[in-house]
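Going by the working numbering, the residue at position 32 of the sequence shown is 13; the numbering climbs one at a time, nothing skipped. What follows is a single structure, written as structure tokens, with notes after it.
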Amino acid sequence: MRGKVSGETACKACGARMLFVETVKGKRMPVDLEPVEFVPDLNGRNKYVLEDGNVVTGVPAEPGDQDKHRGYISHFATCPYGARFRRR
Ligand SMILES: [Zn+2]
């Protein structure tokens, strides 16, 4: 990441450590500490932040996938209490 990461913090819901990453839209998004591999998919349910701050929708990469990228996955996707963030 190039200066987009703005501090480590702990999730208020589950206590996991996470980072805030600034997206190209200037929004601060909480993500898991370690980048993961994913495959872009418009119908995916996870959001990933790339090193350049772009946000991509995708699904976790599986062995054998060709079009793999690395990015930080939104903590909302992995938080065991994620449902409370998604509630509308
Ligand atoms: Zn959490």
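Glycine included, C-beta positions come from ideal geometry on N, C-alpha and C. The model shown is predicted, which means the values in this text are computed figures rather than measured ones.
* **Cα-Cα separation between Asn27 and Arg(-2), rounded to whole angstroms** => 19 Å
* To do: Would you tell me roughly how many angstroms separate the C-alpha atoms of Ile54 and Gly(-4), rounded to the nearest one?
  => 17 Å
* **Assumed close pair Gly52, Pro11 - CB separation to whole angstroms, cut-off 8 Å** => No, Gly52 and Pro11 are not in contact; Cβ-Cβ is about 14 Å, not under 8 Å.
* Would you give the residue range spanned by the beta strand (DSSP E) that Ala(-9) belongs to? => Val(-14) to Ala(-9)
* Is there at least one non-hydrogen atom of ligand 1 closer than 8 Å to the beta-carbon of Ala58? -> no
* To do: Would you decide whether Gly39 is buried or exposed? Buried here means 16 or more other CB atoms lie within 10 Å of its CB.
  => buried
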